[in-house]
Amino acid sequence: MNEANEMAKNGGVVGASLVLDGKVIVSACNDPVDPTGHAEMIVLRKGAELLGSWDALSKAVVYTTRFPCWMCAGSMWHSGIKLVIYRDANPAFKADRSYFIHRNMSINKYEYHELS
Ligand SMILES: [Zn+2]
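Those letters in the sequence shown? Residues 318 to 433, per my numbering, in order.
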């Protein structure tokens, strides 16, 4: 989630990271020019490219700073993503939580715990 946060801070409104086996494969922020260039879409595209196939995405986790929209939710489902971790709610533009549940995907809120 730290890298997704950095992406949102440095470049755009939303940041996302694709993580496989505990390793960040790619991180991105929203593309302000491309209407489909949401951070989640970009990490799916680049992740599939880097891993050599979109099949490899089925074992990856998407971290995103905002609850995914319908387009990203559908793309994550088509990619075989099973787990999505989001940081903030997205009251204006979010997919319904039931979309994930009915497709055997987990959508969990990121819980930040400060180290003491
Ligand atoms: Zn989206």
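All C-beta atoms in this analysis are idealised placements derived from N, C-alpha and C, irrespective of residue type, glycine included.
Tell me Y380's beta-bridge partners as DSSP assigns them.
Stepping through the sequence shown from its first residue, residue 380 is reached at position 63. In DSSP, Y380 forms a bridge with S334, I402.
With a threshold of 16 other CB atoms inside 10 Å of the CB of R414, please say whether the residue is buried or exposed.
In the sequence shown, the residue the question calls residue 414 occupies position 97. Residue burial is scored here from C-beta neighbours: R414 has fewer than 16 other C-beta atoms within 10 angstroms and is therefore classed as exposed.
Consult DSSP for N319 and reduce its assignment to one of helix, strand or coil.
In the sequence shown, counting from the first residue as 1, residue 319 sits at position 2. DSSP places N319 in helix when its eight states are reduced to three.
If you compare alpha carbons, which of I418, G369, R404, H419 is closest to V379?
Along the sequence shown, one-based indexing puts residue 379 at 62. Considering only alpha carbons, the answer is R404.
Those residues which DSSP pairs with I359 across a bridge:
Walking along the sequence shown from the start, residue 359 turns up at place 42. Note: I359 sits in no beta bridge, so no partner.
Per DSSP, what are the beta-bridge partners of A345 in this structure?
Position 28 of the sequence shown, counted from the start, is the residue given in the question as residue 345. Per DSSP, A333.
Taking the alpha helix (DSSP H) that S396 falls in, what are its first and last residues?
For the purposes of this step, residue 396 is taken as the residue at position 79 of the sequence shown. First-last of the alpha helix (DSSP H) with S396: 387-396.
Closer than 6 Å from C-beta to any heavy atom of ligand 1: which residues, in chain order?
H355, E357, P385, C386, M388, C389
Short check: CB of I359 to CB of A321, under 9 Å?
Stepping through the sequence shown from its first residue, residue 359 is reached at position 42. Stepping through the sequence shown from its first residue, residue 321 is reached at position 4. No, the pair does not count as a contact, with Cβ atoms beyond the cut-off.
Inter-residue Cα distance where the pair is V336 and M324
Position 19 of the sequence shown holds residue 336. Position 7 of the sequence shown holds residue 324. Roughly 15 Å between the two C-alpha positions.
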